[in-house]
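Structure record follows, encoded as structure tokens.
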Amino acid sequence: MYIDGEAQGKITLADSRVTIGPNGRVQADIDAREIIIGGVAQGNFKAKESVRLISSSSFEGSIVTSRIRIDEGSKLRGRIEMTRGGESKGNAAAERPAIPAEAYTAAVASSESESSKQ
Amino acid sequence: MNWMAKTRPSSAAPAAAQSKPGPTSVPANANLKVRTSNGLKEFLWLMSDVSHARVLDLGPVWQATVNFFLEKGYRISTDDLLGTWRDFVSGEEERLRAAPLTEEGYSARLTASSLADKFLENALQYTENSFHGVLAWDLLDYFDPAVSARIMDRLFTILHPGGAVLALFHSRAPERFHRYRIVDTQTVELVSAPTLAVHARVFQNREILELFAKFRSSKTFVGRDQVREGLFLK
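In the order they appear, the protein sequences are chains A and B.
Taking this note's numbering, the leading residue of the first sequence gets 23, the next gets one more, and so forth.
Taking this note's numbering, the leading residue of the second sequence gets 15, the next gets one more, and so forth.
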């Protein structure tokens, strides 16, 4: 599946690849085998195999996957969690930053001394 | 996490003693600048007891840093706070330029405190006690003091009790703006980057302690490159 426009909602393609193109503006929860982010995306992304953030992409939310590739110049604001055998070790969505949708456009995803108060 | 209660592995102390803080040049590539970070080493040591520790990196996302933490079984979040702040301020300036002047004028609405409050309505929106560790590389001395104080309040809230903040402070204004990525447990790479923000002020030690007044203990590593690494425990 290739998205190079606006998309919202929930996308489940467990055995397929979802690619968000450079013009893509996606606000969705995606569950796929592989996710490639080239545009601007927000949501909870879960990929059984891998997630890739291409340079100049921007992502906000949570990523759960077993492999991640982050190209220099990409922006990520959120949480990354690794899985083993396709199962998450935790609940990524529960700890996702609670960011209002309207804030999204403004957000970007790039001698010893000692003292003690005890 | 408590370095006073925690037994240090026998190998850790000699290693710390041998490795002097400060920048180290890498002959193979003159553009690559790395520095030894005793603060990072101590930060990681503090979190080593925590299973699946949750770490928040307040710098840009780097593959190397993400891999470093994921390979340790940690959960990593990134939130480029300085970049978010820059975009926020740009947006506010744009908005105010377009808005009609009121009797109060622009200046009354552009105080650091009011900006900080508005910024934090959307930034650093994590639940309480979310993280065991927070990495604040070049950050706090790039903000107005009023903004830094509010950010610290928020960081304290989202930090788990016993959690640690590693923060860097410059003893003099840095010549270039850098972003940081982790190379190994005691080494960070300084990546030259376009200036996101101007170094706002040099904190005195007393001011740093005041900034972290809510934290129960602190430890500072002073590098020969005029960078102080502060480690603060909640």
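Positions of the beta carbon are idealized from the N, C-alpha and C atoms, including for glycine.
Rounded C-alpha distance that separates residue i from residue j
i: Gly100 (chain A); j: Ser77 (chain A); result: 17 Å
i: Arg220 (chain B); j: Ser185 (chain B); result: 13 Å
i: Glu108 (chain B); j: Ser65 (chain B); result: 45 Å
i: Leu124 (chain B); j: Gly176 (chain B); result: 36 Å
i: His174 (chain B); j: Asp37 (chain A); result: 38 Å
i: Thr234 (chain B); j: Gly244 (chain B); result: 4 Å
i: Leu72 (chain B); j: Ser162 (chain B); result: 13 Å
i: Arg55 (chain A); j: Leu75 (chain A); result: 15 Å
i: Val48 (chain B); j: Tyr194 (chain B); result: 9 Å
i: Trp99 (chain B); j: Val75 (chain B); result: 16 Å
i: Glu103 (chain A); j: Ile33 (chain A); result: 19 Å
i: Gly112 (chain A); j: Ile90 (chain B); result: Here Gly112 (chain A) scores only 44 on pLDDT, less than 50, and its place in the model should not be relied on; the value that follows carries that caveat. Approximately 12 Å between the Cα atoms of the pair.
i: Asn136 (chain B); j: Ala130 (chain B); result: 10 Å
i: Glu56 (chain B); j: Asp158 (chain B); result: 28 Å
i: Gln49 (chain A); j: Arg238 (chain B); result: 46 Å
Reduced DSSP secondary structure (H/G/I, E/B, other) of residue i
i: Val236 (chain B); result: strand
i: Asn136 (chain B); result: coil
i: Val241 (chain B); result: strand
i: Ile76 (chain A); result: coil
i: Asp101 (chain B); result: helix
i: Ala112 (chain B); result: helix
i: Gln64 (chain A); result: strand
i: Asp63 (chain B); result: coil
i: Ala176 (chain B); result: Here residue 176 (chain B) is Gly; the residue named in the question, Ala, does not match the sequence. The answer is strand: DSSP assigns Gly176 (chain B) an E or B state.
i: Thr209 (chain B); result: coil
i: Thr79 (chain B); result: helix
i: Gly53 (chain B); result: helix
i: Glu85 (chain B); result: helix
i: Phe246 (chain B); result: strand
i: Val203 (chain B); result: It is Glu, not Val, that sits at residue 203 (chain B) in the sequence shown. The answer is strand: DSSP assigns Glu203 (chain B) an E or B state.
i: Thr125 (chain B); result: coil
i: Thr34 (chain A); result: strand
Sheet register partners of residue i (DSSP bridge)
i: Ala69 (chain A); result: A:Ala54 and A:Thr87
i: Met104 (chain A); result: A:Thr87
i: Arg186 (chain B); result: DSSP lists no partner for Arg186 (chain B).
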